[in-house]
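Protein sequence lines, in the order shown, are assigned to chains G and H.
My numbering applies: residue 267 is where the first sequence begins, and numbers increase by one.
My numbering applies: residue 267 is where the second sequence begins, and numbers increase by one.
All C-beta atoms in this analysis are idealised placements derived from N, C-alpha and C, irrespective of residue type, glycine included.
Here's the structure, in structure tokens; my notes come after.
2 protein chains.
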Amino acid sequence: MVSFEGFAISGSLPIYTQLILYIKRGIVAGTVCGGDELPSRRVLSALLGVNPNTVQKAYHLLEEEGIIESRSGARSFVTADGELKLRLRAELLEQDAAAWISAMKQMGLTREEALRMTEVMWDKTGGEA
Amino acid sequence: MVSFEGFAISGSLPIYTQLILYIKRGIVAGTVCGGDELPSRRVLSALLGVNPNTVQKAYHLLEEEGIIESRSGARSFVTADGELKLRLRAELLEQDAAAWISAMKQMGLTREEALRMTEVMWDKTGGEA
DNA sequence: TTAAGTGTATTATATCCGTAATACAGTTTC
DNA sequence: GAAACTGTATTACGGATATAATACACTTAA
Chain G
267 MVSFEGFAIS GSLPIYTQLI LYIKRGIVAG TVCGGDELPS RRVLSALLGV NPNTVQKAYH
327 LLEEEGIIES RSGARSFVTA DGELKLRLRA ELLEQDAAAW ISAMKQMGLT REEALRMTEV
387 MWDKTGGEA
Chain H
267 MVSFEGFAIS GSLPIYTQLI LYIKRGIVAG TVCGGDELPS RRVLSALLGV NPNTVQKAYH
327 LLEEEGIIES RSGARSFVTA DGELKLRLRA ELLEQDAAAW ISAMKQMGLT REEALRMTEV
387 MWDKTGGEA
């Protein structure tokens with residue numbers, strides 16, 4: 267069962283987008299694997315304090331991308347092979363890095379200043395190693 | 267006069283938010299300075315192919331933050347002293363770094379992998395040194 | 001002084017996001 | 001088989017975003 271313990275709504279992105287990102291990044295990290303069952307729309311919406319339609323939209327879009335599968339009446343589950351995992355990793359890393367580097371360049375930082383910034387902030391923030 | 271040559275609408279953020287970010291990052295970079303005149307609402311909206319109300323919203327919010335000033339009838343201009351520049355630099359850098367590092371940790375990257383990612387992508391993208 | 005440009009405000013419309021309340025058919029489980 | 005749960009769909013409402021069309025008073029420049 268895919269866990270949503272580490273998930274929290276934050277920022278200005280639409281909630282369904284945040285849910286999609288959480289699943290995709292979990293697949294890249296290996297914490298979400300092919301065959302894993304997903305919480306039902308109703309259960310997850312109640313857990314997060316969010317409308318069922320919002321979860322439905324996220325699941326529906328994930329299914330259109332071939333990342334999860336739904337059979338009417340039964341619980342949905344993840345369909346993630348190694349190829350998809352690699353595709354997602356490349357997509358998300360490039361996307362995030364491009365946004366970060368673009369912002370740094372717009373503010374006039376040099377490459378070394380950006381690297382030092384990453385080093386300093388990495389340990390200040392919680393999460394992982 | 268503040269130039270919007272390097273500005274382009276992109277991504278999912280509201281247009282008025284992108285305009286605000288462009289001004290703020292320009293101030294941090296030093297390309298936008300106190301006393302600089304801003305394009306009028308009508309001129310800038312025509313230049314960007316955007317509704318005048320969208321530019322008005324961005325300018326209005328910037329004025330509420332004390333970053334620009336408007337006199338009814340005359341052109342608006344930037345009011346940015348050194349203190350504001352430092353405040354903006356700290357705010358924006360921390361905000362962007364936090365988003366970037368959080369994404370990397372969610373995908374299970376180590377600190378060194380994130381640093382290497384920055385190094386590799388820095389030269390691949392256009393902009394500055 | 002007159003004309004042009006400017007900031008500001010209003011009303012209307014359309015789309016997206018999120019919530020709310022249902023409804024129905026399919027599956028799982030007892 | 002029956003109850004509970006599931007995916008799916010619909011309608012309605014409010015807020016935010018963006019567009020469109022005006023309108024008015026103020027400043028600037030010719």
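Kindly identify the DSSP beta-bridge partner or partners of residue i.
i                : result
Val344 (chain H) : H:Ile334
Gly303 (chain G) : In the sequence under discussion, the amino acid at residue 303 (chain G) is Glu, which differs from the Gly named in the question. Answer is G:Phe343, bridged to Glu303 (chain G).
Let me confirm a value: residue i is counted as buried when at least 16 other C-beta atoms fall within 10 Å, else exposed. Which label applies?
i                : result
Ile275 (chain G) : exposed
Asp362 (chain H) : buried
Ala356 (chain G) : exposed
Leu354 (chain H) : buried
Leu313 (chain H) : exposed
Leu358 (chain H) : buried
Express the C-alpha separation of residue j and residue i in angstroms, rounding to a whole number.
i                : j                : result
Ser311 (chain H) : Ile334 (chain G) : 42 angstroms
Arg382 (chain G) : Gly296 (chain G) : 28 angstroms
Gly272 (chain G) : Ile293 (chain G) : 14 angstroms
Ala364 (chain G) : Glu378 (chain H) : 18 angstroms
Ala340 (chain H) : Pro305 (chain H) : 11 angstroms
Thr283 (chain G) : Tyr325 (chain H) : 28 angstroms
Tyr288 (chain H) : Met370 (chain H) : 25 angstroms
Leu279 (chain H) : Gly300 (chain G) : 32 angstroms
Asn317 (chain G) : Gly277 (chain G) : 18 angstroms
Glu349 (chain G) : Leu352 (chain H) : 45 angstroms
Gly332 (chain H) : Ser338 (chain G) : 55 angstroms
Gly374 (chain H) : Gly315 (chain G) : 27 angstroms
Gly242 (chain G) : Asp347 (chain G) : There is simply no residue 242 (chain G) to check, as chain G begins at 267 and stops at 395 in what is shown.
Glu360 (chain G) : Asp389 (chain H) : 13 angstroms
Gln322 (chain H) : Thr376 (chain H) : 43 angstroms
Ala380 (chain G) : Leu327 (chain G) : 34 angstroms
Tell whether a beta-carbon distance below 7 angstroms holds between residue i and residue j.
i                : j                : result
Arg307 (chain G) : Gln372 (chain H) : no
Ile281 (chain G) : Thr345 (chain G) : no
Ile286 (chain G) : Met387 (chain H) : no
Glu303 (chain H) : Phe270 (chain H) : no
Thr384 (chain H) : Thr384 (chain G) : yes
Can you give the beta carbon distance from residue i to residue j, rounded, assuming they're within the 8 angstroms contact cut?
i                : j                : result
Val268 (chain G) : Val298 (chain G) : 5 angstroms
Glu329 (chain H) : Ser336 (chain H) : 6 angstroms
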